[in-house]
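**Student:**
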Amino acid sequence: MRLDSNLQRVVITIGCALFLGGAAQSPRTPPEPKTGVGWLEKLQRDRLLLERQWAAEARDTKTVDAIDVVLKDPLKWQQARADLLAKVAGGAKSLAQLELPTKYEDPMAYAVLRNAASVIEAGNARKVFDVRPLFGTSTGGTFHALTRLVCPSDYVIVFHRQLFSLAHLFTSLFLAADGRSMFMRPDLIASVQNGLLAYLLEGNVDNVQVPRLTGKRQSQDGFMMTVITGFVVSHEYGHIIGKHFKPCDTKDGPEIGGDLRFDQAKEYSADATAFLQMLEWAKKDGYDPVDVFLAVDWQFAFNELLDRAGAVMTTGSEETVPESPWSDSSHPYTRFRREYLLTLATKLFPKDEERLNTARQMTSNLRYEMWQAARFRVFDEWNKKKVINSTVRR
Ligand SMILES: [Zn+2]
40 MRLDSNLQRV VITIGCALFL GGAAQSPRTP PEPKTGVGWL EKLQRDRLLL ERQWAAEARD
100 TKTVDAIDVV LKDPLKWQQA RADLLAKVAG GAKSLAQLEL PTKYEDPMAY AVLRNAASVI
160 EAGNARKVFD VRPLFGTSTG GTFHALTRLV CPSDYVIVFH RQLFSLAHLF TSLFLAADGR
220 SMFMRPDLIA SVQNGLLAYL LEGNVDNVQV PRLTGKRQSQ DGFMMTVITG FVVSHEYGHI
280 IGKHFKPCDT KDGPEIGGDL RFDQAKEYSA DATAFLQMLE WAKKDGYDPV DVFLAVDWQF
340 AFNELLDRAG AVMTTGSEET VPESPWSDSS HPYTRFRREY LLTLATKLFP KDEERLNTAR
400 QMTSNLRYEM WQAARFRVFD EWNKKKVINS TVRR
């Protein structure tokens with residue numbers, strides 16, 4: 040992996056670290072337009088200042104400059120937010136639990152998605168996008184990301200608001216482990232345990248200690264997060280490019296298209312589109328395709344971990360993974376998506392077969408270790424829940 044910290048990647052790294060959960064809100068309350076500096080903005084600003092301080096200590100002037108740009112010009116983000124609200128007004132209300140806009144009040148979160156979109160569009164040789172899809176977030180549901188058609192011709196991609204925080208936590212843990220066994224690192228094990236429990240119990244991992252990475256590891260973190268974010272966004276773009284949607288009935292004016300449950304073939308097709316897009320992007324900057332594979336594969340691997348933990352918390356058994364609420368039934372099980380990814384990568388890069396398998400081994404080992412380190416805590420929580428439930432029933 041090349042040492043590289045151009046502005047875009049720096050912004051993405053910081054952005055992911057700052058992709059915060061917000062105020063607890065009842066799921067169907069329409070979002071209030073934000074004016075002035077609320078507590079959330081203050082929190083975001085504080086974190087941004089902390090990042091700036093770290094960057095200054097490390098004499099990383101590019102990061103300092105990038106943060107300064109955002110700190111100085113919040114107005115352009117407010118305008119983007121207002122434009123988006125105007126555009127999806129009406130239709131958005133029928134999307135359960137959707138918060139619009141995508142935390143446009145958080146400039147860095149917006150920067151993450153905007154950069155992901157730019158990366159994908161840059162890698163998209165066919166230039167099929169006249170208009171970039173709109174982004175939204177949701178606090179609920181059992182998905183990580185999904186796309187809706189807003190008739191007649193707009194698309195809204197909705198992300199679980201914890202998606203990028205989670206990805207950033209697990210990617211940092213992956214890099215901090217540095218290819219060695221996690222069992223030598225009690226600090227990392229604590230973060231795995233706390234991260235899983237925070238996600239399962241509170242749906243929020245923002246208070247979990249993310250390992251601080253420096254130097255080469257920090258730039259790898261930027262690279263992996265670009266690939267993971269890009270892959271997730273690009274998978275959704277894949278549904279748009281693949282025309283997986285029912286056409287609109289334009290007589291009725293703007294409305295949100297029907298619930299999207301694609302068949303598994305379409306999911307594999309979207310995965311393939313996303314992987315190819317990220318390879319295309321990486322090729323331009325001279326990145327190793329095996330590193331792209333590693334990042335995407337790690338994203339699937341930690342999702343398997345979440346599936347497993349979710350299964351324990353809902354059924355008390357880790358053998359019920361496919362039925363867990365965290366794995367969307369319209370999507371192939373994560374394990375099969377991983378297998379498909381490896382097959383695809385091996386077909387594309389037959390000479391790298393051995394390195395691809397080594398990368399796979401690495402992600403699988405770490406996922407295994409993380410689960411071994413955390414499973415007893417998850418089972419403890421399940422047992423507590425059982426006690427509470429039986430007490431309530433009496
Ligand atoms: Zn999909």
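Here our numbering is used: the first residue of the sequence shown is 40, the next is one more, and so on.
For each residue, glycine too, the CB sits at the ideal point set by N, CA and C.
Model, not experiment: these values are computed from the prediction.
1. Using a Cβ-Cβ cutoff of less than 7 angstroms, which residues in the same chain neighbour Asp310 once the five nearest sequence positions on both sides are dropped?
2. So does Ala309 have its beta carbon nearer than 7 angstroms to some heavy atom of ligand 2?
3. Pull up the CB-CB distance for Ala95 and Val272, whole angstroms please, since I reckon it's below 8 angstroms.
4. Go through its chain and collect everything with a Cβ distance to Arg394's Cβ below 6 angstroms, but skip five positions before and after it.
5. What are the boundary residues of the alpha helix (DSSP H) that includes Asn342?
6. Less than 8 angstroms between the C-beta atoms of Gln248 and Ser230, yes or no?
7. Look up Arg187 in the DSSP assignment and give the residues it is bridged to.
8. Indicate whether Phe203 and Val151 have their beta-carbon atoms separated by less than 8 angstroms.
9. I want to check one thing, is the minimum distance from the CB of His278 to the heavy atoms of ligand 1 below 7 angstroms?
10. How big is the Cα-Cα spacing for Ala334 and Tyr238?
11. By the three-class DSSP mapping on this structure, what secondary structure does Phe418 have?
12. Between His274 and ligand 1, is the CB less than 7 angstroms from at least one heavy atom?
13. Measure the C-alpha to C-alpha separation of Met409 and Pro286 and round it to an integer number of angstroms.
14. My understanding is that Val417 touches Val331, with C-beta atoms under 8 angstroms, so please give their C-beta distance in whole angstroms.
15. Can the beta-carbon of Ile228 be found less than 8 angstroms from the beta-carbon of Ala412?
16. Provide the residue span of the alpha helix (DSSP H) that contains Thr312, from first to last.
**Tutor:** Well, looking at it:
1. The beta carbon of Asp310 lies closer than 7 angstroms to those of His274, Arg376, Tyr379 and Leu380 in the same chain, with the five residues before and after it left out.
2. Ligands in the displayed structure: ligand 1; ligand 2 is not one of them.
3. The C-beta distance from Ala95 to Val272 rounds to 31 angstroms, too long to fall under 8 angstroms, and the pair is not in contact.
4. Same-chain partners within the cutoff: Val329.
5. Taken as a continuous stretch (DSSP letters only), the alpha helix (DSSP H) holding Asn342 covers Pro328 to Thr354.
6. Ser230 sits close to Gln248, with the two beta carbons spaced by under 8 angstroms.
7. Paired residue(s): Val195.
8. For Phe203 and Val151, yes; Cβs fall inside 8 angstroms.
9. Result yes, Cβ under 7 angstroms from ligand 1.
10. Rounded to the nearest angstrom, the two C-alpha atoms are 21 angstroms apart.
11. Three-state DSSP puts Phe418 in a helix.
12. Answer for His274: yes, Cβ within range of ligand 1.
13. Going by the C-alpha atoms only, they are around 44 angstroms apart.
14. Contact doesn't hold; Cβ gap of about 31 angstroms is too wide.
15. Yes; because the gap between Cβ atoms is below 8 angstroms, this pair is in contact.
16. Thr312: member of the alpha helix (DSSP H) spanning Gln303 to Lys323, first to last residue.
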